[in-house]
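Take a look at the structure below.
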Amino acid sequence: MSRGSQGHEFYITLFSPEGRLYQVEYAFKAVKTSGLTSIGVKGTDTVCLITEKRVPDKLIDEKSVTNLYNVSEKIGALTTGIPSDARALVTRMRYEAGEFRLKNGYYCPVDVLSKRMADLAQTNTQYYQMRSYGVETILCQYDDELGPLLYKLDPSGHYSGYKATASGVKEQESINYLEKQIKKKADLNYDETIMLAIQTLQNVISQDFKPTDIEVGIVTKQDKKFHKLTNEQVDHYLNLIANRD
Amino acid sequence: MSGSMYDLSVATYSQEGRIYQVEYATKAVENSETVIGVRCKDGVILGAEKQKFSRLLEDNTNKRIYNIDLQTGMALCGKLPDGRNILQRAKAESSQYQDMYAIPASAHVLSDRVAQYVHAYTMYSGVRPFGSATFIASYNTFDGYELYMIEPSGNKYAYHACTHGKGRAVCKSEFERRNFKDLTCQEALVYIAKMLILAHEEFKEKKYEYEMTWITDNNGRKHQSVPQDLINNAVQQAEQLIEQDQIGE
């Protein structure tokens, strides 16, 4: 594989001779430097986002470590990648969702927000001034018109809706596992959605979790507000999965 | 670790997805004088060591720890001029927040804003990252005592105890040995002094002065300098403790 040693890989605005944008590819690599894996699963009336919670240093106050954010009351965001880039993106998403609400009078739907954020990400791949964010974001919402929605955004400016998706270190393994499971059963109820998400993470990371090792966020038809599950609720699902096995 | 061509701009990712300019900025902080922040039972203490690099220097004039507001303080680690830029921004953010919301900005709000400001300088090709890590300590009635550290990458976390600079390894091992949440601020001063002295163990022959500030229940929950005589006592006792430890070995 030619390394583009003429310098095509150092600058975002240069295509390599094979037509690749190396800086964008390197931004994808940066997502994996966080060492975490995140998963999103959509059911018939529920969307569940889950990620590992790893506190980088014993001295850090655990309450300040999170990758799961509310972008608005109804949209939840799960970021994987460089933490400071993630924080900046979440702030921008909150701003965009808020502006939409202000100008249009109704809550920003997640597919509109995804498109907007993807378009912004694309400008970072075409203009020299800024580098791409080293973050993949998974967004979820229960939309009044379209039902449960799950979207993933990446540094290249690509976005797409998914039935289930993953990002981070074990992205490929997670997606393989999810494809097999969704093929068996695609219409998942509330419990099944959450259990599939937790199960996938357990499977690819192959270790047993305590409730404090993971963060789970959900949005449902009944409760359209995106919220995180408490440790007790997570424990309940971990026990269900353990008992079933 | 050679960055070859990947380290010429902060807007360039390396082949493994790292941003070398941010890592180099962090190195600049790691080579500087040590700064410590600790949450104790009844407050927060910020401490910094300062080398007196010339006999002509006036004592206690070259500050590293500043007030952002009555009850919020910021300590600068790394390149001081860069740190002062961040400080000015923090003061402006804090003042603007108070104008809009009529309550003082707490550390978790302020640190978020400052972190995003610092992060912005890691995104554009025309600028360089700040070579400075900043510590924000505050008290307010809703959130109690808070301590945050913001790194040159724009990462920020809340800490029970944090440190940066040359002596960070020494300080971290002391943090693990001692649970500061069991000590009052008054009691903790000795250990802070001890850490700051051990931090420059290799440069014992040079002269150092110590700057400490606190926000505690006893001083009206305001960010103020620890009185000089308390600092001097703490340093003296710390030096004795260190001697005892060394004799013990």
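Chains A and B, in that order, are what the protein sequence lines are. Using full-length UniProt numbering, the first residue of the first sequence is number 1, and each one after it goes up by one. Using full-length UniProt numbering, the first residue of the second sequence is number 1, and each one after it goes up by one. Glycine residues also receive a C-beta, built at the ideal position from the N, C-alpha and C atoms.
Using a C-beta to C-beta distance shorter than 8 Å, which residues of chain B count as neighbours of Lys-29(A)? Tyr-13, Gln-15, Glu-16 and Gly-17
If contacts are defined as beta-carbon pairs under 8 Å, then Met-149(B) and Ala-11(B) qualify, I think. What distance do you get, rounded to the angstrom? Their Cβ separation, rounded to whole angstroms, is 25 Å, which puts Met-149(B) and Ala-11(B) out of contact at 8 Å.
Buried or exposed (CB count within 10 angstroms, at least 16 for buried), Lys-74(A): buried
Within a Cβ cutoff of 7 Å, which residues of the same chain sit near Asn-233(B), ignoring the five residues on either side of it in sequence? none
Does the beta carbon of Arg-54(A) come closer than 8 Å to any beta carbon on chain B? no
Minimum Cβ-Cβ distance from Pro-211(A) to chain B less than 8 Å: no
Which listed residue (Lys-163(A), Lys-170(A), Ser-206(A) and Thr-33(A)) has its alpha carbon closest to that of Lys-185(A): Lys-163(A)
Beta strand (DSSP E) runs contained entirely in the region 60-148 of chain B, provided each spans 3 or more residues: 65-69, 72-78 and 132-140
Does any C-beta atom of chain A lie closer than 8 Å to the C-beta of Asn-179(B)? no
One or two residues paired with Arg-39(B) in a DSSP bridge: Val-44(B)
Chain-ordered chain B contacts of Ser-114(A) [CB-CB under 9 Å]: Result: empty, since nearest Cβ-Cβ is about 21 Å, beyond 9 Å.
Exposure label - Tyr-106(A); buried when at least 16 CB within 10 Å: exposed
If you measure from the beta carbon of Gly-134(A) to each beta carbon in chain B, is any gap under 8 Å? yes
At what residue ranges does the region 51-136 of chain A contain a whole run of the beta strand (DSSP E), taking only runs of 3 or more? 68-70 and 76-81
Assigned exposure category for Ala-107(B) - 16 Cβ within 10 Å defines buried: buried
Say whether chain A places a C-beta atom closer than 8 Å to the C-beta of Gln-224(B). no
Just checking: is the beta-carbon of Leu-59(A) within a distance shorter than 8 Å of some beta-carbon in chain B? yes
Strictly by DSSP, which residues pair up with Glu-151(B)? The partner list for Glu-151(B) (beta bridge, DSSP) is empty, contrary to what the question assumes.
Contact set between Met-123(B) and chain A, taken where Cβ atoms lie within less than 9 Å: Asp-85, Ala-88, Asn-124, Gln-129, Met-130, Arg-131 and Tyr-133
Could you please tell me which residues of the region 163-187 of chain B, in chain order, have their CB closer than 9 Å to any CB of chain D? Annotation note: the requested chain D is absent from the structure, which comprises protein chains A and B.
What residues in the region 145-162 of chain B have a beta carbon less than 7 Å from any beta carbon of chain A? Ser-153, Gly-154, Asn-155, Tyr-157, Ala-158, Tyr-159, His-160, Ala-161 and Cys-162
Any C-beta of chain B sitting closer than 8 Å to the C-beta of Thr-79(A)? no
Find the nearest neighbour of residue 309(B) within the set Ser-138(B), Gln-237(B) and Pro-152(B), judged by alpha-carbon distance. Outside the shown range of chain B, which is 1 to 249, sits residue 309(B), and nothing can be said about it.
For Ser-84(A), tell me which candidate among Asp-7(B), Asn-155(B) and Gln-228(B) has the shortest Cα-Cα distance. Asn-155(B)
Cβ neighbours of Tyr-208(B) in the same chain (closer than 7 Å, five flanking residues each side left out): Glu-49, Lys-50, Gln-51, Lys-52 and His-200
Spatial neighbours of Asp-69(B) in its chain, beta-carbon cut-off 6 Å, leaving aside the 5 residues before and after: Ser-94 and Pro-104
Going straight from the alpha carbon of Leu-59(A) to that of Leu-146(A), what length do you get? 44 Å
Pick from Met-5(B), Ser-9(B), Leu-57(B) and Gly-47(B) that is closest to Gly-167(B), judged by C-alpha positions: Gly-47(B)
C-alpha distance - Val-90(A) paired with Lys-152(A), whole-angstrom precision: 14 Å
Does the Cβ-Cβ distance between Glu-136(A) and Ser-167(A) come in under 8 Å? yes
Residue burial classification, Met-1(A) (beta-carbon count within 10 angstroms, cutoff 16): Summary for Met-1(A): the model assigns pLDDT 39, below 50, so the residue's position carries little reliability; its value from the coordinates is reported in the next sentence. Exposed is the call here.
Which of the residues in the region 95-116 of chain B, read from start to end, lie with their CB under 8 Å from any CB of chain A? His-108, Asp-112, Ala-115 and Gln-116
At 8 Å on the CB atoms, spell out the chain A contacts of His-200(B), in chain order. Result: empty, since nearest Cβ-Cβ is about 21 Å, beyond 8 Å.
Beta-carbon proximity list for Arg-92(A), same chain, < 8 Å, skipping 5 on both sides: Met-117 and Leu-120
Short CB-CB distance (under 8 Å) between Val-65(A) and chain B: yes
Does the contact criterion of 3 or more C-beta pairs under 8 Å hold for the region 25-34 of chain A versus the region 15-33 of chain B? yes
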